[in-house]
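Take the sequence shown: its position 150, counting from 1, is numbered 154 in my numbering, and each next residue is one higher.
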Amino acid sequence: MAGKGPGQERGRGRGRSEGPALPPGRRPSQGSASASRGRGGPGAPGPRRGMASYTKAAQQWATFGRAWYLLDAKMQPPGKIAAATVMRLEGKHKPIYHALNDCGDHVVIINTRHIAFSGNKWEQKVYSSHTGYPGGFKQVTATQLHLKDPTAIVKLTVYRMLPKNLQRRTMMQRLHLFPEDVIPEDIQKNLLQEIPQPRAVPKRLDEYTPEEIAAFPRVWTP
5 MAGKGPGQER GRGRGRSEGP ALPPGRRPSQ GSASASRGRG GPGAPGPRRG MASYTKAAQQ
65 WATFGRAWYL LDAKMQPPGK IAAATVMRLE GKHKPIYHAL NDCGDHVVII NTRHIAFSGN
125 KWEQKVYSSH TGYPGGFKQV TATQLHLKDP TAIVKLTVYR MLPKNLQRRT MMQRLHLFPE
185 DVIPEDIQKN LLQEIPQPRA VPKRLDEYTP EEIAAFPRVW TP
């Protein structure tokens with residue numbers, strides 16, 4: 005039998021390299037998906053790189069982006085409003101929250117003119133300030149401050165509830181207060197979700213229908 009020439013050996017080596025041999029336990033079978041992936045074989049799954057990366061990118065944008073939340077302050081106590089607002093301003097509702105990470109969102113509060121206090125706090129609660137000069141100490145009741153600026157009480161309550169550090173003023177820049185339910189169009193386009201009201205709004209007597217009044221249980225019949 006004639007021996008093989010060097011040209012035949014070189015010709016055989018010009019083809020596709022087989023690569024290192026795998027152990028028998030790690031060799032893919034011919035019908036497996038790993039063997040047919042990328043070769044167009046029967047049953048080969050299509051490329052999913054774009055779908056997976058898009059989903060991860062959307063999740064990343066939703067986590068690291070600054071969302072806009074809406075909160076209706078009608079008939080709500082300022083303390084409850086501030087507690088729900090501060091959590092969004094600090095970013096504590098996100099999994100990436102850290103005390104040194106500024107990852108908070110924007111909060112838009114409407115109807116600050118229609119907030120509510122329990123008891124007689126409109127006359128008993130006093131807000132104090134000092135100008136820093138002799139005789140500059142001033143005190144006003146909640147009613148006087150609310151009549152002068154309908155957004156001042158909510159703003160002060162949120163400001164005092166935020167952490168006392170250098171990020172407090174930066175967080176306050178993401179707070180948007182409006183005395184009524186009228187919102188500028190550029191802000192209204194950015195709203196993503198509405199924060200539920202902390203307390204259920206009670207209905208006035210003139211807001212009940214005659215059917216609801218007739219169905220209300222009576223203690224005694226005149």
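No residue lacks a Cβ here, since even glycine has one placed at the ideal position from N, Cα and C. Here the structure is a predicted model, which means the values were calculated and not measured.
Original post:
Around the C-beta of Ile85, are 16 or more other C-beta atoms found within 10 angstroms, so that it is buried, or is it exposed?
Top reply: What you label residue 85 is simply residue 81 of the sequence shown in a count that begins at 1. It is buried - the Cβ of Ile85 has at least 16 other Cβ atoms within 10 Å.
Subject >> Chain-order list of residues whose beta-carbon lies under 6 Å from that of Val205 (same chain, five-residue window excluded) >> reply: By 1-based counting over the sequence shown, the position of residue 205 is 201. Excluding residues within five positions, the ones whose Cβ falls inside 6 Å are Met79.
Original post:
For His134, is the classification buried or exposed, using 16 other Cβ atoms within 10 angstroms of its Cβ as the cut-off for buried?
Top reply: Locating residue 134 in the sequence shown gives position 130, where the first residue counts as 1. Exposure of His134 is indicated by the presence of fewer than 16 other C-beta atoms within 10 angstroms of its C-beta.
Original post:
Hey, Leu75 and Ile113 are a contact pair by Cβ (cut 8 Å); roughly how many whole angstroms apart?
Top reply: Here residue 75 corresponds to residue number 71 of the sequence shown, with the count starting at 1. Here residue 113 corresponds to residue number 109 of the sequence shown, with the count starting at 1. Sure, about 5 Å apart at Cβ, within 8 Å.
**OP:** Taking 9 Å as the cut-off, decide whether the C-beta atoms of Pro202 and Glu94 are in contact.
**Re:** Within the sequence shown, the letter at position 198 stands for residue 202. Within the sequence shown, the letter at position 90 stands for residue 94. Their beta carbons are not under 9 Å apart, which means Pro202 does not touch Glu94 by this criterion.
Original post:
Based on Cα-Cα distance, which residue from Ala62, Met91, Pro81 lies nearest to Tyr73?
Top reply: Sequence index remark: in the sequence shown, residue 73 carries index 69 (1-based). Nearest option by C-alpha distance: Met91.
Original post:
In three-state terms, what does DSSP make of Gln171?
Top reply: Here residue 171 corresponds to residue number 167 of the sequence shown, with the count starting at 1. In this structure, Gln171 counts as coil in the three-state DSSP scheme.
Subject >> Under 9 Å between C-beta atoms of Arg164 and His110 >> reply: Working through the sequence shown from its first residue, we reach residue 164 at position 160. Working through the sequence shown from its first residue, we reach residue 110 at position 106. Going by C-beta atoms, Arg164 is not nearer than 9 Å to His110.
**OP:** Leaving aside the five residues before and after Arg107 along the sequence, list all residues of the same chain whose C-beta is less than 8 Å from its C-beta, in chain order.
**Re:** Start at 1 with the first residue of the sequence shown, and residue 107 comes out as number 103. Residue identity check: residue 107 is Cys in the sequence provided, not Arg. Taken in chain order, the residues that qualify are Phe68, Gly95, Lys98, Ile100, Tyr101.
Original post:
Quick one, are the C-beta atoms of Pro81 and Ser132 less than 9 Å apart?
Top reply: Here residue 81 refers to the residue found at position 77 when the sequence shown is read from its first residue. Here residue 132 refers to the residue found at position 128 when the sequence shown is read from its first residue. Cβ atoms of Pro81 and Ser132: not closer than 9 Å.
**OP:** Use the C-beta contact count for Leu179: other C-beta atoms within 10 angstroms, 16 or more gives buried, fewer gives exposed.
**Re:** As a working note, residue 179 is residue 175 in the sequence shown. Leu179 comes out buried.
Subject >> Rounded straight-line distance, which links the Cα of Lys142 to that of His150 >> reply: As a working mapping, residue 150 is identified with position 146 in the sequence shown. As a working mapping, residue 142 is identified with position 138 in the sequence shown. Roughly 15 Å separates the two Cα atoms.
Subject >> C-beta atoms of Lys152 and Val144 nearer than 9 Å >> reply: Here residue 152 refers to the residue found at position 148 when the sequence shown is read from its first residue. Here residue 144 refers to the residue found at position 140 when the sequence shown is read from its first residue. Going by C-beta atoms, Lys152 is nearer than 9 Å to Val144.
Original post:
Opposite Gln4 in the DSSP bridges: which residues?
Top reply: Coverage of the chain is limited to positions 5 through 226, which leaves residue 4 absent and any answer about it impossible.
Original post:
Does the separation of the CB atoms of Asn115 and Pro183 fall below 9 Å?
Top reply: For this step, residue 115 is matched to residue 111 along the sequence shown. For this step, residue 183 is matched to residue 179 along the sequence shown. Their beta carbons are under 9 Å apart, which means Asn115 touches Pro183 by this criterion.
Original post:
Over what stretch of residues does the beta strand (DSSP E) that includes His180 continue unbroken?
Top reply: By one-based count along the sequence shown, residue 180 stands at place 176. Here the beta strand (DSSP E) through His180 covers 179 to 181.
Original post:
Hey, Ala88 and Ile199 are a contact pair by Cβ (cut 8 Å); roughly how many whole angstroms apart?
Top reply: By 1-based counting over the sequence shown, the position of residue 88 is 84. By 1-based counting over the sequence shown, the position of residue 199 is 195. Going by Cβ atoms, the distance from Ala88 to Ile199 rounds to 6 Å, so yes, they are a contact pair.
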